[in-house]
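One line per chain: the protein sequences are G and L, in this order.
Residue numbers for the first sequence follow this note's numbering, so the first one is 17 and each next one is one higher.
Residue numbers for the second sequence follow this note's numbering, so the first one is 17 and each next one is one higher.
From the three backbone atoms N, C-alpha and C, an ideal C-beta is built for every residue, glycine too.
It should be emphasised that the depicted structure is a prediction, and the values quoted were computed from it without experimental measurement.
There are 2 protein chains.
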Amino acid sequence: MSEKKLYVVGIGPGEYEQMTIRAAGVLSKSQILIGYTVYIDLIREYFPAKECVSTPMMKEVERCRMALEKADQGHVVSMVCSGDAGIYGMAGLILELAGEYPQVEVEMVAGVTAASAGAALLGAPVCHDFAVISLSDLLTPKEQIEKRLECAAMSDLVICLYNPASRRRKDYLKWACEVVGRYQSPDTVCGMVKNIGREGQAMELMTLRELADAPADMFTTVYIGSSKTTVKNGRMVTPRGYRYV
Amino acid sequence: MSEKKLYVVGIGPGEYEQMTIRAAGVLSKSQILIGYTVYIDLIREYFPAKECVSTPMMKEVERCRMALEKADQGHVVSMVCSGDAGIYGMAGLILELAGEYPQVEVEMVAGVTAASAGAALLGAPVCHDFAVISLSDLLTPKEQIEKRLECAAMSDLVICLYNPASRRRKDYLKWACEVVGRYQSPDTVCGMVKNIGREGQAMELMTLRELADAPADMFTTVYIGSSKTTVKNGRMVTPRGYRYV
């Protein structure tokens with residue numbers, strides 16, 4: 017085992033309890049925790065003895081280089097991501113940059129991503145085939161996002177939207193609903209979860225028509241059902257198709 | 017809080033350590049654990065004092081009814097699923113049947129699904145938009161699966177395949193590669209992980225051309241990259257698009 021070690025750790029939605037046992041173990045033995053300020057604040061209290069370095073949003077490259085550099089200096093470092101570090105997290109960028117630090121061994125520690133954690137609150141919306149699509153066009157052309165939304169809707173996949181809105185992208189969820197609505201009924205069952213596992217956790221079921229005007233923010237995860245998705249006793253369910261009657 | 021409680025618990029890929037702290041807590045306080053034989057065997061040793069009921073594959077409806085009935089009788093019951101119970105797990109079917117047991121409160125406990133756990137081993141293959149598609153046509157028409165594969169490939173989504181093969185479906189992965197190959201290059205970066213977090217864990221990177229003849233089984237998770245997916249120092253990476261040069 018290399019002595020120079022960088023862990024890229026998904027802590028799950030935010031609650032300590034939704035972290036894996038492995039993630040908690042790795043964070044405990046890490047000398048330095050690095051991450052976006054919000055995520056570091058979520059876990060800081062559970063790992064009090066460590067040095068914590070939090071960096072603001074939009075500083076991803078700097079944050080990843082810092083983590084690799086600290087690891088290269090011989091510290092055991094964890095890069096902390098919310099959800100799963102491998103799903104819109106820092107895992108990819110760390111591996112892109114890791115070639116510059118050949119002595120550092122990078123290990124990923126998987127976590128519960130928002131698609132799973134939010135689904136558990138709503139019922140079972142992603143219990144059959146689904147697509148995970150981010151509405152952020154900061155790094156992805158909007159036409160590409162549109163094509164993915166269209167193709168997912170066209171093939172009747174459940175769609176889980178990450179980053180459905182931000183201050184700059186107030187109307188993107190409405191736009192996404194319009195794109196999906198080219199193929200799916202306005203009565204399609206949809207759900208929305210906010211602040212999963214954090215203060216202010218809230219969830220709501222609605223139709224695609226209603227979703228277009230629902231207030232989403234960057235801590236919201238959105239589910240657009242397939243044609244098979246239904247509501248059972250107040251829960252959003254996409255059946256796999258088992259026969260039970 | 018209702019006294020009649022059924023937890024639907026995702027235990028992650030299989031290792032005790034990849035379970036969430038919450039899942040371990042819920043399983044510890046459950047009086048009865050119910051699940052498919054293979055999954056019950058994975059966790060039985062960690063929760064030795066409990067009654068364990070394991071049922072074979074293909075008995076999903078019976079298994080879910082049994083869990084609901086035991087909970088309705090007043091036992092604290094956990095339905096145990098591998099990965100995340102809400103992704104091709106028993107969460108959906110439990111909620112479909114739960115209406116028959118109105119006294120039972122059903123709570124989902126999210127886990128790390130194979131898409132995340134396998135990705136962590138390969139690198140960061142699903143670090144951008146992706147589709148999760150099961151190749152099992154037991155409950156889904158093959159034409160529907162084909163359309164989803166086509167649409168995912170057409171819109172350059174990374175594709176994560178669950179259930180890529182079984183004894184009955186030996187040639188389905190080859191077929192899926194042919195469908196994806198209508199839109200993606202035969203040199204598309206692909207990856208395959210077997211027995212994640214279990215004995216015999218193995219992983220391999222290959223091209224789409226090679227994937228067609230790769231030996232998959234029902235404990236294999238397959239990743240077909242997008243046009244942007246690359247190999248960095250032996251790891252499969254789908255970049256989000258951060259600029260760092």
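Item                                                                                                                                                                                   : Value
Output the boundary residues of the alpha helix (DSSP H) element that contains residue 216 of chain L.                                                                                 : Here residue 216 of chain L belongs to no alpha helix (DSSP H), and DSSP marks it neither H nor E.
Please report the straight-line C-alpha distance between residue 89 of chain L and residue 106 of chain L, rounded to a whole angstrom.                                                : 20 Å
Taking buried to mean at least 16 other C-beta atoms within 10 Å of its own C-beta, is residue 261 of chain G buried or exposed?                                                       : exposed
How many angstroms separate the CA atom of residue 235 of chain L from the CA atom of residue 226 of chain L?                                                                          : 19 Å
Just verifying my parser: in three-state terms, what is the DSSP assignment at residue 232 of chain G?                                                                                 : coil
Which value, in whole angstroms, describes the spacing of the CA atoms of residue 165 of chain L and residue 188 of chain L?                                                           : 12 Å
Residue 206 of chain G and residue 219 of chain G - do their beta-carbons sit closer together than 7 Å?                                                                                : no
From residue 248 of chain G to residue 237 of chain G, what does the alpha carbon distance come to, in whole angstroms?                                                                : 20 Å
Is it the case that the Cβ atoms of residue 254 of chain G and residue 144 of chain G are separated by a distance below 7 Å?                                                           : yes
Please state whether the Cβ-Cβ distance between residue 110 of chain G and residue 54 of chain G is less than 7 Å.                                                                     : no
For residue 51 of chain G, does the three-state DSSP call read helix, strand or coil?                                                                                                  : strand
Taking residue 189 of chain L as part of the alpha helix (DSSP H), name the residues at either end of that continuous run.                                                             : 188-196
Does chain G have any CB closer than 7 Å to the CB of residue 109 of chain L?                                                                                                          : yes
If you measure from the beta carbon of residue 238 of chain L to each beta carbon in chain G, is any gap under 7 Å?                                                                    : no
What is the DSSP secondary structure of residue 132 of chain G, reduced to helix, strand or coil?                                                                                      : helix
Could you check what DSSP says for residue 99 of chain L in three-state terms: helix, strand or coil?                                                                                  : strand
Between the alpha carbons of residue 122 of chain L and residue 204 of chain L, how many angstroms are there, rounded?                                                                 : 42 Å
Could you give the distance in angstroms between the alpha-carbon of residue 146 of chain L and the alpha-carbon of residue 181 of chain G?                                            : 19 Å
Can you find a C-beta in chain L that's less than 7 Å from the C-beta of residue 171 of chain G?                                                                                       : yes
If we count the other Cβ atoms within 10 Å of its Cβ and call it buried at 16 or more, is residue 178 of chain G buried or exposed?                                                    : buried
State the DSSP-derived secondary structure class of residue 94 of chain G, mapped to helix, strand or coil.                                                                            : strand
For the alpha helix (DSSP H) that contains residue 170 of chain G, what are its first and last residues?                                                                               : 158-170
Count the other CB atoms, across all protein chains shown, that sit within 10 Å of the CB of residue 141 of chain G; report buried if there are 16 or more and exposed otherwise.      : buried
With a cut-off of 8 Å, do at least 3 Cβ pairs link the segment 69-86 of chain L to the segment 46-60 of chain L?                                                                       : yes
Using the three-state DSSP reduction, which class does residue 120 of chain G fall into: helix, strand or coil?                                                                        : coil
Would residue 101 of chain G and residue 29 of chain G qualify as a contact pair, given that the criterion is a beta-carbon distance under 7 Å?                                        : no
Quick check on residue 6 of chain L: does DSSP put it in helix, strand or coil?                                                                                                        : Because chain L in this structure spans residues 17 to 261, residue 6 of chain L falls outside the shown range and cannot be described.
Just to confirm my understanding: we take residue 190 of chain L, look at its own chain, exclude 5 residues before and 5 after, and list those with CB closer than 8 Å. What are they? : 228 and 229
Just to confirm the assignment, what range does the beta strand (DSSP E) spanning residue 147 of chain L have?                                                                         : 146-150
Does the beta carbon of residue 83 of chain L come closer than 7 Å to any beta carbon on chain G?                                                                                      : no
Run down chain L in chain order and give the residues with a C-beta less than 7 Å from the C-beta of residue 128 of chain G.                                                           : 36, 126, 127 and 128
With a threshold of 6 Å on Cβ separation, who are the neighbours of residue 240 of chain G within its own chain once the five nearest residues in sequence on each side are excluded?  : 175, 196 and 206
So residue 75 of chain G is in the beta strand (DSSP E); what residue range does that whole segment cover?                                                                             : Careful: residue 75 of chain G lies outside any beta strand (DSSP E) and carries neither H nor E.
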